[in-house]
Amino acid sequence: MNNRNEENLEELFGKFFNPEEAGQAEEDIRKTEQILSENPAPKPDEELIADIKAQVTAVLLHKTAFRQTVYKVAAVAAIFLVLAGISVKLFEKQQSERIQYASIMPAVLWESDDIITDDADLAVLNAEIDQIENDAIALRLGTANSNGNGDLTELETELMEIDNDFWKG
Amino acid sequence: MTNKDNLAKILSGCKVGESESFSQLIDIYANRLYGYFYRLTGDKNISDDLLSELFVKLVEKIGSFKGGVFESWLWKIASNIFYDYLRDKQRQSKLLEKQKSQLELKSTEPRKSDGEQLDNLQRQLEKLDADTKELVMLRFYSQLSFKEIAQMRAEPIGTTLSKLHRGIKKLRELMEQKL
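Put into structure tokens, the structure is as follows:
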């Protein structure tokens, strides 16, 4: 509360006015307060007070409703964000799995600089081709320790086998 | 329970949005605030509007009251509402002045609602300037001390005392002349 009742007007006016003025100012204030008390202002109508109370209640309800709406929207937004986060995670996981399944060639071979060395099947194939080449050259030069037609037949058979294996995968 | 404790309890209720606490606050201050507005405007209808505006604003602003003298905080809002009203009135007067110069005299006279008779005090108050009148009414209706009024108006206490003394001296002279 205020401390008006504890206010010492004589002392207060004494600080700012000379003693004569201070006394006059104090009297003027008391006299004016008396005039105002004797001439009271009209009081507000009961209808007005009831109307103001109704307005206040309406504002309070509006504030409460607004706050509740904000909380609800925030809760829905939070749920939506969580679901969105989970969906993104699942989508990413599914996508990575799908890539693995869809891939014909292992990832190691995509990243390899020398496929023949890194892929065992290709290495075997490559070795067989080399051997056949060497055999063919030896036959042509006649340096091979063989009986001629028999070797050629054997070579043709090997080539056919390789050809079949290759297309079988 | 003292008045101070009771007010503190009511204010706590208001802060958490209790309708009943606001109702109690209205019962405590409505008469004094209405008197303050009426003596400043001289019009019941305008005082009705300003009082309603004040309490609606109070609901919105109660959270910003951080303790101290509640009357000082309350009358600060009331004072701002009065000065806003005064500015609007002056703006309207200027607009009217441009359109109809003859309305100027009417707009500066104290307005009153239909069938309302102004008492002698109200007629004499209209002869004071708005700031002095507001200061005198603030002192009487808010029941704040001079120190609190000076703090509220953000001016030195000596300035408040001089302004108030000039105002009440003039008002007293006017009233005594009429008597």
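Protein sequences, first through last, are from chains A and B. Going by our numbering, the first sequence opens with residue 2, and the numbers climb by one from there. Going by our numbering, the second sequence opens with residue 9, and the numbers climb by one from there. Note that the Cβ used here is the ideal one computed from N, Cα and C, for glycine as well. Predicted, not measured: the structure shown is a model, and the values here were computed from it.
Pull up the distance between the alpha-carbon of residue 84 of chain A and that of residue 70 of chain A, whole angstroms please. Rounded to the nearest angstrom, the two C-alpha atoms are 21 Å apart.
Nearest candidate by alpha-carbon position, reference residue 58 of chain B, set B/88, B/71, B/30: B/88
Look at the Cβ atom of residue 84 of chain B, then the Cβ atom of residue 145 of chain B, and state whether they are nearer than 7 Å. no
CB-CB length for residue 148 of chain B against residue 34 of chain A, believed under 8 Å: 6 Å
Starting from residue 155 of chain B, trace the alpha helix (DSSP H) in both directions and tell me its first and last residue. That run of the alpha helix (DSSP H) goes 154-160.
So with CB distances below 8 Å, who are the chain B contacts of residue 60 of chain A? Here the neighbours are 64, 67, 68.
Going by DSSP, what residue range makes up the alpha helix (DSSP H) through residue 130 of chain A? 121-142
What's the C-alpha gap between residue 16 of chain B and residue 140 of chain B? Going by the C-alpha atoms only, they are around 32 Å apart.
Going by other Cβ atoms of all chains shown within 10 Å of its Cβ, with 16 needed for buried, is residue 63 of chain A buried or exposed? exposed
If you reduce the DSSP assignment to three classes, tell me which class residue 45 of chain B lands in. helix
Between the Cα of residue 8 of chain A and those of B/165, B/61, B/154, B/96, spot the shortest distance and give me the residue it belongs to. Nearest in C-alpha terms to residue 8 of chain A, of all of B/165, B/61, B/154, B/96, is B/154.
Using a Cβ-Cβ distance cut-off of 7 Å, determine whether residue 93 of chain A contacts chain B. no
Short-range partners of chain A found in the stretch 33-54 of chain B, where Cβ spacing is below 7 Å: 34, 38, 39, 42, 43, 46, 47, 52
Below 9 Å on C-beta distance, what does residue 56 of chain A contact in chain B? 60, 63, 64, 67
Expressed to the nearest angstrom, what Euclidean distance is found between the alpha-carbon atoms of residue 117 of chain A and residue 135 of chain A? 19 Å
Buried versus exposed, by CB contacts within 10 Å (16 or more), residue 72 of chain B: exposed
Would you say residue 8 of chain A reaches chain B, if we count a Cβ-Cβ gap shorter than 7 Å as a contact? Chain B has a Cβ within less than 7 Å of the Cβ of residue 8 of chain A.
Output, in chain order, the set of chain A residues within a Cβ distance shorter than 7 Å of residue 7 of chain B. Beyond the ends of chain B as shown, which are 9 and 187, falls residue 7 of chain B; an answer cannot be given.
Within 6 Å: the Cβ of residue 39 of chain B and any heavy atom of the ligand ZN? This structure lacks the ligand ZN, and indeed carries no ligand of any kind.
With 16 as the cutoff for other CB atoms within 10 Å, does residue 161 of chain A come out buried or exposed? exposed
When the Cα atoms are used, what is the spatial distance from residue 123 of chain A to residue 163 of chain A? 12 Å
From residue 131 of chain B to residue 52 of chain B, what distance separates their C-alpha atoms? 15 Å
Do we get a CB-CB distance below 7 Å when we pair residue 122 of chain B with the residues of chain A? Summary for residue 122 of chain B: the model assigns pLDDT 47, below 50, so the residue's position carries little reliability, and this model does not support an answer.
Run through DSSP, which three-state label would residue 20 of chain A get? Three-state DSSP puts residue 20 of chain A in a helix.
Would you kindly work out how many angstroms separate the C-alpha atoms of residue 56 of chain B and residue 40 of chain B, rounded to a whole number? Here the alpha carbons of residue 40 of chain B and residue 56 of chain B stand approximately 13 Å from one another.
With distances taken Cα to Cα, identify the nearest neighbour of residue 25 of chain B among B/170, B/90, B/174, B/66. B/66
Would you call the CB atoms of residue 30 of chain B and residue 60 of chain A closer than 7 Å? no
For the stretch 76-105 of chain B, which residues have a CB atom closer than 9 Å to at least one CB atom of chain A, in sequence order? 77, 78, 79, 80
Please go through the same chain and pick out, in chain order, the residues whose beta-carbon is closer than 8 Å to the beta-carbon of residue 164 of chain B, but skip the five residues on each side of it. Once the five neighbours on either side are set aside, the close Cβ partners of residue 164 of chain B are 158.
Between which two residues does the alpha helix (DSSP H) holding residue 21 of chain B run? 11-23
Check residue 81 of chain A in the structure and name its three-state DSSP category. Three-state DSSP puts residue 81 of chain A in a helix.
For the alpha helix (DSSP H) containing residue 163 of chain B, name the first residue and the last one. From DSSP, residue 163 of chain B is part of no alpha helix (DSSP H); its letter is neither H nor E.
Name, please, each residue of chain A whose Cβ falls closer than 7 Å to the Cβ of residue 166 of chain B. 17
Around the C-beta of residue 167 of chain B, are 16 or more other C-beta atoms found within 10 angstroms, so that it is buried, or is it exposed? exposed
Member of A/41, A/44, A/74, A/14 whose CA lies at the smallest distance from the CA of residue 30 of chain A: A/14 is the residue among A/41, A/44, A/74, A/14 whose C-alpha sits nearest the C-alpha of residue 30 of chain A.
DSSP three-state assignment for residue 108 of chain B, whether helix, strand or coil: coil
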